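Numbering-wise, the sequence shown is residues 13 to 295 according to the working numbering. Note sheet for the following structure.
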Amino acid sequence: MYPSDADIIRVTIITVASVLGLLIGSFLNVVIYRVPRSLSIVTPPSACPGCGAHIEARDNIPVLSWLILRGKCRRCGSPISIRYPIVELITAVLFAGTAVLFVEPVATASAPGETIAASLVLVAFLYFAAIAVALVAIDLDVHRLPNAIIYPSYIVFAVLFAGAAIAGNAYGALLRAGLGAVIMFIAYLAMAYIKPGGMGFGDIKLAAIMGACLGWVGWGSLLVGAFSAFLLGGIFSIVLLLSRRATRTSGIPFGPWMFAGAYVGIAAGERVWQGYLSLVGLA
């Protein structure tokens, strides 16, 4: 039996997304290092921190170059952190997973407008995966979520979701995304006001992005994703307290848990919410 056109489209998109994830991951390594230091992500070219030699194209192939060089600079032998290939691999996995979650409407679209709309949504969530990797790494490093990434993301998501709504007549999803952004922003702002110091303003600004993306998927995804962030973050905090690796006053980056919760909501939020409603007899 020959594969259908839809099957070919699915495999192609997932494969391309995986390769793109490796390439984007290489760029994200630059973003992760330079953005918190207010350095340009364009110039100068990447260089070895040990000898200052510019990294040649052959030594800048995601993952493969690190393996070939055995984690060392070709010129001076200085060690290259294993974090670089890890970031590239994680980005590739997230891109592939995102493609799996959002490829079906693209593969089965029956009209040009549907294809455009589904493609824009896929691009939006690939972008979400990219900023997730960058912001999680930066938050873990310096406990900040830089405006240089968050503010442009508002524009990116607004344009992509609005374009998808217009092309696919998905104005209901666009309305949910807008309401989700407002609801999450206000909720996080209220929590920061109630408990000063418990929530950073970077988390509040990121919450609007989370709300928009989760809201686009559905109300169930929004509720489950928002709740999961606090559940996962709370479990992690308890583990740290019990292992005495943190105290009640320790500052723990919440950005990673916001993204972790968001992915729970995106991947399974609608099913979990419907299951909950059925369990309590409301569906």
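Ideal Cβ positions, reconstructed from N, Cα and C, are used throughout, including at glycine. In this text the structure is predicted, and so the values were computed from the model without any measurement.
Residues of its chain near residue i, where Cβ-Cβ distance is below 8 Å and the 5 sequence neighbours each way are ignored
i      : result
Leu172 : Leu132, Val133, Val135, Ala136, Tyr139
C-alpha distance - residue i paired with residue j, whole-angstrom precision
i      : j      : result
Ile198 : Leu294 : 27 Å
Asp153 : Ser93  : 14 Å
Pro15  : Thr24  : 12 Å
Ala177 : Phe213 : 30 Å
Leu186 : Met196 : 15 Å
Phe239 : Gly232 : 11 Å
Leu81  : Asp71  : 8 Å
Ser30  : Val54  : 24 Å
His155 : Pro61  : 23 Å
Gly83  : Ser38  : 15 Å
Buried versus exposed call for residue i [16 or more other C-beta atoms within 10 Å across all chains shown]
i      : result
Asn181 : exposed
Tyr205 : exposed
Tyr200 : buried
Ser52  : exposed
Glu100 : buried
Ile167 : exposed
Asn41  : buried
Gly210 : exposed
Cys88  : exposed
Proximity to residue i [Cα-Cα], best of the options
i      : options                : result
Ala141 : Ser122, Thr110, Phe169 : Thr110
Gly175 : Phe213, Ala279, Gly125 : Gly125
Thr27  : Arg95, Ala108, Ile73   : Ala108
Ile247 : Trp269, Leu218, Thr261 : Trp269
Ile36  : Ala146, Ala123, Val276 : Ala146
Cut-off 7 Å between Cβ atoms - residues of its own chain near residue i, not counting five sequence neighbours on either side
i      : result
Pro158 : Val47, Pro48, Ile150
Proximal residues to residue i (C-beta, below 6 Å), its chain only, five neighbours per side dropped
i      : result
Ala119 : Ala18, Ile21, Arg22
Ala144 : Phe271
Leu34  : Pro74, Glu100, Ala104
Met203 : Met211
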